[in-house]
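Last residue of the sequence shown: number 295 in my numbering, and the count goes up by one each step with no gaps. Following: one structure in structure tokens, then a few remarks.
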Amino acid sequence: FHCIVRQAVLCVKLSGHFKTVMDNVMATINFIRATSSLQHRLFRQLLSDVSAEHNDLLQHNDVRWLSKGNSLERFWELRVE
Numbered sequence: 215f216h217c218i219v220r221q222a223v224l225c226v227k228l229s230g231h232f233k234t235v236m237d238n239v240m241a242t243i244n245f246i247r248a249t250s251s252l253q254h255r256l257f258r259q260l261l262s263d264v265s266a267e268h269n270d271l272l273q274h275n276d277v278r279w280l281s282k283g284n285s286l287e288r289f290w291e292l293r294v295e
């Protein structure tokens with residue numbers, strides 16, 4: 215029980231920082247994907263040229279709460295490439 219309470223407390227403490235990080239990541243993804251189709255196409259070509267593990271970023275969707283985590287995971291995996 216103590217471990218669960220401690221995890222909950224840590225989550226609450228990190229939630230402010232996590233929201234800031236997620237807002238920045240989502241803004242970056244939206245900038246790449248939504249600014250122009252040419253920019254998005256060039257980004258996908260860059261990923262292809264460097265043989266990235268993924269060929270695109272995932273667009274976040276407010277309807278599905280898991281999509282934000284999936285978008286963050288894909289963004290994190292592509293940051294090195």
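By construction, the Cβ of each residue, glycine as well, lies at the ideal position given by its N, Cα and C atoms. None of the values given here were measured: they were computed from a predicted structure.
Residue 269 sits close to residue 261, with the two beta carbons spaced by under 8 Å.
Around the beta carbon of residue 232, fewer than 16 other beta carbons sit within 10 angstroms, so the residue counts as exposed. A distance of 8 Å or more separates the beta carbons of residue 271 and residue 245. Distance check between residue 293 and each of 242, 273, 250, 248 places 242 closest, using alpha-carbon atoms only. With 16 or more other CB atoms across the displayed protein chains lying within 10 angstroms of its CB, residue 285 is buried. Residues of the same chain with a CB within less than 6 Å of the CB of residue 273, apart from the 5 flanking positions on each side, are 247 in chain order.
When the beta-carbon positions are compared, residue 267 and residue 287 stay at least 8 Å from each other.
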